[in-house]
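**Q**
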Amino acid sequence: FLADIGDFAAMNEVYARRFGHHRPARSTIQAGALPRRCRVEIECIARRGT
């Protein structure tokens, strides 16, 4: 979630540097009011092996 969708290009650059060519699936939306005046909120689902 982005507080300002205008930050999308900058977020994409950081995402690409962090994950390289093996990027997890994602969706990005603009959220009007994130908690504590955050500019980015990340939600993830993880699976832990047994």
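In case it helps, the numbering used here puts the sequence shown at residues 64 to 113.
Think of the CB as a built atom: it goes at the ideal place given N, C-alpha and C, for glycine as much as any other residue.
Hey, which unbroken runs of the alpha helix (DSSP H) at 4 residues or more fall wholly within the stretch 67 to 109?
**A** Segments of the alpha helix (DSSP H) lying fully in the stretch 67 to 109: 71 to 82.
**Q** Give me the residue from R111, T113 and I92 with the minimum Cα distance to D67.
**A** Position 4 of the sequence shown, counted from the first residue, corresponds to residue 67. Answer by Cα proximity: I92.
**Q** So, P97 versus F64, is the Cβ gap smaller than 8 Å?
**A** As a first step, residue 97 is located in the sequence shown; it is residue number 34 there, counting from the start. As a first step, residue 64 is located in the sequence shown; it is residue number 1 there, counting from the start. According to the sequence provided, residue 97 is Leu. The question's Pro does not apply to it. In this structure, F64 lies closer than 8 Å to L97 by Cβ.
**Q** Might you give, ordered along the chain, the residues of its own chain that have their beta carbon closer than 6 Å to the beta carbon of E104, omitting 5 neighbours on each side?
**A** As a first step, residue 104 is located in the sequence shown; it is residue number 41 there, counting from the start. Around E104: F64 and L97.
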